[in-house]
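Take the sequence shown: its position 81, counting from 1, is numbered 80 in numbering that gives the first Met the number 0, and each next residue is one higher. Note that CB positions come from ideal geometry on N, CA and C, so glycine has one too.
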Amino acid sequence: MYPFLVDYQRAWELNLDKGPYNEITTWFKKRDPRHLREQEVFTTLGYIDVQHLASRIRSEVTLFVGLEDQVCPPSTQYAAYNKITAAKEIRTYPDFGHDDLPGAMDEVYQLIGTKL
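What follows is the structure, encoded as structure tokens:
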């Protein structure tokens, strides 16, 4: 439903003030203030980056994205969505951030009910 912890470098470049990606900034400030290991850090984070696992998905996928989301930024969610090769759909909510998205859970329960 909601890709999370995706495209760490993009999220860091957005300079978000909220967690969890702000921990990258904190890490650089405390461990590598001159960013001498920046490429190494993002390469290492790539091992757990959801976007690099998305191509393994084989089942039908529906994602929900709040376009004002500062916790799971839309551009990072699209990084995962774009790499899914299975049947997929995306539902966008232009005026919502990291909120309960109206109708999203109803749609999920309906989908699950038709697949059982």
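Between G18 and the set E39, K29, C71, the nearest pair of CA atoms involves C71.
With contacts defined as CB atoms closer than 8 Å, V49 and L4 qualify as a contacting pair. Judged by DSSP secondary structure, T91 falls within the beta strand (DSSP E) whose first and last residues are 87-92. For F63, the enclosing beta strand (DSSP E) starts and ends at 60-65.
The alpha-carbon separation between D99 and R55 amounts to approximately 28 Å. Following the DSSP letters along the chain, one finds R30 inside the alpha helix (DSSP H) bounded by residues 21-30.
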